[in-house]
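Numbering (my numbering), first residue to last: 0 to 253.
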């Protein structure tokens with residue numbers, strides 16, 4: 000009997016580790032996007048996090064700064080959905096759990112976008128921007144525009160002995176502003192939702208993989224930037240890199 004109980008506990012632990020990790024802040028909402036009706040969203044302890052259903056999406060917000068992790072349970076189209084909520088001061092605004100197509104996210108990627116992704120894939124890697132953290136090297140190696148969309152090619156290199164399963168890349172626009180002429184320059188971050196994306200299988204130890212994303216074209220001022228944050232699906236190894244406005248302005252036109 001003890002042996003059976005131990006197996007049950009091990010199974011529960013493995014199941015918990017395999018759940019999606021959703022990062023939430025007390026300063027801004029995080030949205031979970033689904034392609035079916037939602038009938039239940041339960042954060043477990045309402046003193047830590049709050050949830051509200053809006054059509055086929057759920058928005059989450061932390062009740063205060065640095066709250067503890069908690070399990071999350073929802074019912075989507077009659078099916079259970081489980082995740083782990085964790086506090087993060089700057090979380091990704093959108094978590095897209097809609098069904099992926101072969102060419103991108105939620106059917107948003109057209110044949111033209113897929114063609115541009117293939118062109119990026121065929122070009123040699125260039126070092127536009129990079130950052131390494133926790134043994135994960137995240138690098139922007141391809142960049143181009145058309146009249147409406149910016150296309151990005153990222154390289155993910157795993158230099159550790161643990162496999163790295165990519166959840167998604169979250170994007171934010173870093174904006175600089177002053178309330179008056181004599182005031183200090185301040186920064187604010189606004190989420191940018193990709194119009195399409197192509198994913199990779201888990202990056203195995205001491206190997207590499209590529210990610211492709213398409214963003215709405217951003218006209219940025221000098222000193223502003225787009226930040227890209229790579230998130231791990233079943234872990235907390237996130238890596239952020241900055242793509243300055245000057246780099247985006249000089250990218251090749253498709």
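Glycine included, each C-beta is placed from N, C-alpha and C at the ideal position.
- Burial check for residue 169: the Cβ neighbour count within 10 Å reaches 16 or more, so the residue is buried.
- In the structure shown, the three-state DSSP call for residue 232 is coil.
- For residue 224, the three-state secondary structure derived from DSSP is strand.
- For residue 247, the uninterrupted alpha helix (DSSP H) segment begins and ends at 244–248.
- Listed in chain order, the non-local C-beta contacts of residue 200 below 8 Å within the same chain comprise 208, local neighbours out to five positions each way being set aside.
- A residue is called buried once 16 or more other Cβ atoms fall within 10 Å of its Cβ, and residue 91 is buried on that count.
- For the options 89, 69, 93, 88, the alpha carbon positioned closest to that of residue 82 is the one of 69.
- Put simply, the backbone Cα of residue 52 is about 10 Å away from that of residue 73.
- The Cβ neighbour count for residue 187, taken over all protein chains shown within 10 Å, is under 16; the residue is labelled exposed.
- Here residue 185 is bridged, per DSSP, to 176.
- Annotation: residue 230 to residue 118 spans about 25 Å, alpha carbon to alpha carbon.
- Rounded to whole angstroms, the gap between the alpha carbons of residue 159 and residue 234 is 14 Å.
- Rounded to the nearest whole angstrom, the C-alpha separation of residue 60 and residue 25 is 6 Å.
- Here residue 240 carries a strand assignment [DSSP, helix/strand/coil].
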